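Okay, structure coming up:
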């Protein structure tokens, strides 16, 4: 009995609900192809160089060789690894790779830039 009441309620549409109209088109945003992307790519290349230098420096601090001289024998050399320095080096190199990918993307988009008149003539 409750099912019949529910069906009859859903079949009728209340008259006071507004009808949804089509949304207007969103305003045109900035174009992907912008010459200022060269500046962004240059900044990312500088950051990549600095991150690689920092990564190498951290890696060298993370690997320490210790020498223990023993009388009458060869010197015992052991290697100690510091995880915090090695992890920082891995993070810096990973970030440099990600920035490298984005820098290549920025350069490609900057190269593809066409003047506005040429872009309108193609349309």
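In the UniProt record's numbering, the protein residues as written are 1 to 123.
Using N, Cα and C, we set each Cβ at its ideal position, and we do this for glycine too.
Fair warning: this is a prediction, and the values are worked out from it, not measured in the lab.
Asked                                                                                                                                                                               : Found
Can you name the start and end residues of the beta strand (DSSP E) that residue 208 belongs to?                                                                                    : Lying before the first or after the last residue shown, residue 208 is absent from the chain, which here runs from 1 to 123.
Could you check whether the region 69-78 touches the region 36-47, counting it as contact only if at least three pairs of C-beta atoms, one from each stretch, sit closer than 8 Å? : no
Distance check for residue 96 and residue 51, CA to CA, integer angstroms please.                                                                                                   : 6 Å
Measure from the alpha carbon of residue 64 to the alpha carbon of each residue in 86, 54 and 49, then state which is nearest.                                                      : 86
Taking the DSSP output, what are the residues bridged to residue 65?                                                                                                                : 79
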